[in-house]
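Below is one structure, written out as C-alpha cells, with a few remarks after it.
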Amino acid sequence: MNVAMQILKKWFPLCLSGLVLASCSSEVRRDPGKVYMPDMAYSRAYETYSVTPEQKEALLKKGIHYSNVPVPGTMKRGALFPFDIPKDPEGDTANYYASRQVKNPLTDLDAATMVEAERLFLVN
C-alpha cells in the first residue's frame, strides 16, 4: 500500500497537469459545435407591432383589418403625467393647493352615458 501511494503521489499530479495542458489548445475556436436546441440558440424575433402572416390570414378570414399600433395620444407605460407637481415636504401644503387647481380632463358622466358604460362593463 505504501508503494502504491508513492506511485499515486508522483503520477497523479503529472497526469492531471498533462490533461489540463492537452485540453488547452492554442487555436481559437470560433465554431460552437453542434447546437442542441436551435430554436433556443437562434431566436426568430418579430418586430414589436408586426402581424405574422398566420395572424393576418386569420383576421382577414373574419373580416377584421387590425393594426397593432397604439391609439394616438396614449401614454406609454412608465411615462410621466402631463403635469408634474412635486411632492410636498412634511408639514407643507403649498403643492396640495396647487394640485387642486389642476382640472380633470375627463368630464362627468351623465345618466345615458353611465347606462352605456354599465352595459359595456357587463358584456363579459
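Its first residue numbered 1344, the sequence shown is counted upward by one per residue in my numbering. Think of the CB as a built atom: it goes at the ideal place given N, C-alpha and C, for glycine as much as any other residue.
query	result
Neighbourhood of tyrosine 1291 by C-beta distance below 7 angstroms, restricted to the same chain and skipping five residues each side	Nothing in the structure corresponds to residue 1291, since the chain is present only between 1344 and 1467.
Straight-line gap, alanine 1454 to histidine 1408 (C-alpha atoms, nearest Å)	33 angstroms
Segment limits, alpha helix (DSSP H) that includes valine 1367	Before going further, note that residue 1367 is cysteine rather than valine in the sequence given. Element bounds for cysteine 1367: n/a, residue is neither H nor E.
DSSP state of glutamate 1397 mapped onto helix, strand, coil	helix
Proximity below 8 angstroms, CB of aspartate 1431 to CB of alanine 1437	yes
Distance, phenylalanine 1464 Cα to serine 1442 Cα	31 angstroms
Endpoints, the alpha helix (DSSP H) within which valine 1458 is located	1454-1464
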